[in-house]
């Protein structure tokens, strides 16, 4: 490892640039707020969120019965290392040297952009992988890293939250797949049944998460168009696909949904496959609805990368939140290397109080 080949670049300057990056384009910091951990394992008590035990009304002087303490399951696992690397080869370094020779003091922005593109690429690459894990978890109840979706030396990684049985269901026999615009009954049958089933199990879902494709299918059904239409539209027999706000407003008036509202996940993450090809996907599955009691689902547990403790290292480093960005070079081959590193994992602590609906099949098949 050698020092960076970027002319005049120091740690202070790189830190200033990296500090400008934020997580606004991503859902996971809201769904799974960041929580620093001081070991490489995360352990969290899986609380029965939303469970309220009422106090007893007792006569004065009477003995007060002791409430039983709920058995609390312990959820634990390893915090994985997430890393991404980008390099400038000898030809690119030659082009950089030409840029340096041609740049004046008034054109320092071009020199900064020459290396800042790589630092941003690596920082966002870490965030994108955490987003992928979080949304896969929320729409599948598990996350699996394989050779196809994780091009790395360590390719196998499984976390399964064991959401099984009646908490994973398909469309009702009185309805149809949500792609069937005429016969599907997504609200009066499917959502209603899921809410009723949840409440039978002392759950109170307030939010129905789905991706943009699934919502589009729901919004284009005859039932939802009619339910969301205004009086004037109904009188004139005008069929207009409603917006998310219109659908939620109409659902709010239905007592049997107990205030259930739809949350749409509209995201696109690019995954590099094992053969080098890239595919853009929404990590939240098509044709799947996840029912939860709150928008916050758990925490993204993270630990500062060990690289920050290497004081004698020739690499320059900048830490922003959970992600470390570092730059260094090698002589053989001649390369400028930028890396993004994080020890982080979005842990779904609300898994035991969530349900799934497959909107395409009569039994759960992950919407496929």
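In this note's numbering, the protein residues as written are 587 to 954.
Note that CB positions come from ideal geometry on N, CA and C, so glycine has one too.
- The criterion of a C-beta distance shorter than 8 Å is not satisfied by residue 876 and residue 774.
- Under the three-state reduction of DSSP output, residue 918 falls in the coil class, being neither helix nor strand.
- Of the residues assessed, residue 803 falls on the buried side of the cut-off, its CB having 16 or more other CB atoms within 10 angstroms.
- Just measuring C-alpha positions, the residue of 599, 951, 898, 665 sitting nearest residue 621 is 665.
- Nearest to residue 789 by C-alpha distance, out of 674, 614, 939, is 939.
- Scanning 678, 882, 856 for the CA closest to the CA of residue 710 turns up 856.
- For residue 668, the closest C-alpha among the options 914, 893, 934 is that of 893.
- In the DSSP annotation of this structure, residue 887 is not part of any alpha helix (DSSP H); the continuous beta strand (DSSP E) holding it starts and ends at 884 to 889.
- Excluding its 5 nearest sequence neighbours in each direction, residue 947 has C-beta neighbours in its own chain below 6 Å: 756, listed in chain order.
- Bounds of the alpha helix (DSSP H) holding residue 811 are 808 to 814.
- The continuous beta strand (DSSP E) containing residue 797 extends over residues 793 to 797.
- In the three-state scheme derived from DSSP, where H, G and I count as helix and E and B as strand, residue 909 is classed as strand.
- In this structure, DSSP gives residue 772 a helical state, which the three-state scheme calls helix.
- Under DSSP, residue 903 forms a beta bridge with 912.
- If you compare the alpha carbons of 936, 615, 592, 943 with that of residue 776, the shortest gap goes to 943.
- If one requires a minimum length of 4 residues, the alpha helix (DSSP H) runs lying completely within the stretch 596 to 624 are 597 to 604, 614 to 617, in chain order.
- In the three-state DSSP reduction, residue 664 falls in the strand class (E or B).
- The stretch 695 to 711 and the stretch 829 to 844 do not touch, with fewer than 3 CB-CB distances between them shorter than 8 Å.
- Secondary structure note for residue 684: its alpha helix (DSSP H) is the uninterrupted segment 676 to 688.
- For residue 755, there is no enclosing alpha helix (DSSP H); the enclosing beta strand (DSSP E) has its first and last residue at 754 to 756.
- Residue state for residue 854 is assigned as coil, using DSSP reduced to three classes.
- For residue 804, DSSP assigns no beta-bridge partner whatsoever.
- The Cβ atoms of residue 770 and residue 807 sit closer than 8 Å to each other.
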